[in-house]
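Peer 1: In the numbering used here, the protein residues as written are 30 to 248. Built from N, CA and C at the ideal position, the CB exists for glycine as well. These numbers come from a predicted model, not from an experiment. Before I ask anything, let me first share the structure, which is written out below as structure tokens.
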Amino acid sequence: MRLWDDNQRHRISELKDSMTPPPGQQKQDGRRLRSEVSRRRIVEAMRELIREGAVAPRAEEVAARADVGLRSVFRHFDDMESLYREIAEAMLVEVTPMLNLPQPAGTTAEIVAEMIDRRIKLFERIMPFRTAADVHLHRSPFLLEDRLRMNEMLRKAMRSALPAEFRKDRTLLDALEAVFSFEFWRRLRWDQQLSPAQARRTVELAVSSLLDAKPRGKA
Numbered sequence: 030m031r032l033w034d035d036n037q038r039h040r041i042s043e044l045k046d047s048m049t050p051p052p053g054q055q056k057q058d059g060r061r062l063r064s065e066v067s068r069r070r071i072v073e074a075m076r077e078l079i080r081e082g083a084v085a086p087r088a089e090e091v092a093a094r095a096d097v098g099l100r101s102v103f104r105h106f107d108d109m110e111s112l113y114r115e116i117a118e119a120m121l122v123e124v125t126p127m128l129n130l131p132q133p134a135g136t137t138a139e140i141v142a143e144m145i146d147r148r149i150k151l152f153e154r155i156m157p158f159r160t161a162a163d164v165h166l167h168r169s170p171f172l173l174e175d176r177l178r179m180n181e182m183l184r185k186a187m188r189s190a191l192p193a194e195f196r197k198d199r200t201l202l203d204a205l206e207a208v209f210s211f212e213f214w215r216r217l218r219w220d221q222q223l224s225p226a227q228a229r230r231t232v233e234l235a236v237s238s239l240l241d242a243k244p245r246g247k248a
């Protein structure tokens, strides 16, 4: 008994032929794949260099770290907006678990302490990338949009976590938003050169002073 007749062999041969791209397409797909691999290496190299403190990595540095040709880096650098987007998306994947934690609970002091702890961990993680983004913010619509989106997420998280009695005072909320901001933390850490522990105590003092103040009512 024959397992395959000639018609079956013919159909299988046609199926294989239909699944095999023509030589020209194979070359094109190969080039596209190599380009995508190079791009991923470039993005990861930029992230590593930024994490190490290079706010504006040079093409030569990126090429050496990514182990790709300098021409490849320049080709991808022509599309900086999409590179910024890929770097930001990779960063968001890292910090999303920190942003999606359940709301803190307990007394006001416990809630505030947890909020401060979460902000410090987040800000220390994103500081190199946020600082690097500042260098290019003026010429990148995406980075500006990304900054505004992150600020709004942090603002909502802060306001929803605070007890209702504090959410009634608009001026107090504005002051707390400033103290809980990344910019305030970076000033303490970089401009005033405080250690994380010293900067944390400063934030705790500022927040407790604001919350202890008599509510002023709506602005």
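(1) Would you report the Cα separation of residue 190 and residue 88, rounded to the nearest angstrom?
(2) In angstroms with no decimal places, state the Cα-to-Cα distance between residue 245 and residue 93.
(3) Between 84, 158, 233 and 101, which lies nearest to residue 69 when the distance is taken from Cα to Cα?
(4) In three-state terms, what does DSSP make of residue 11?
(5) Let me know if residue 214 comes out buried or exposed under the rule of 16 or more other beta-carbons within 10 Å of its beta-carbon.
(6) Just confirm the distance between the C-beta atoms of residue 116 and residue 91, as a whole number of angstroms; I'd bet it's less than 8 angstroms.
(7) Which value, in whole angstroms, describes the spacing of the CA atoms of residue 148 and residue 228?
(8) If you count every other CB in all the chains shown that lies within 10 Å of the CB of residue 152, and 16 or more means buried, which is it?
(9) Between the stretch 179-199 and the stretch 124-144, do at least 3 Cβ pairs fall closer than 8 angstroms?
(10) What is the residue span of the alpha helix (DSSP H) that residue 150 lies within?
Peer 2: Reading from the atomic positions:
(1) Rounded to the nearest angstrom, the two C-alpha atoms are 43 angstroms apart.
(2) Low confidence applies here, because residue 245 scores a pLDDT of 49, under 50, leaving its location unreliable and the question unanswered by this model.
(3) 101
(4) Within the shown structure, residues of the chain are numbered from 30 to 248, placing residue 11 beyond reach of any answer.
(5) buried
(6) So it is not a contact: roughly 12 angstroms between Cβ atoms.
(7) 12 angstroms
(8) buried
(9) yes
(10) 137-165
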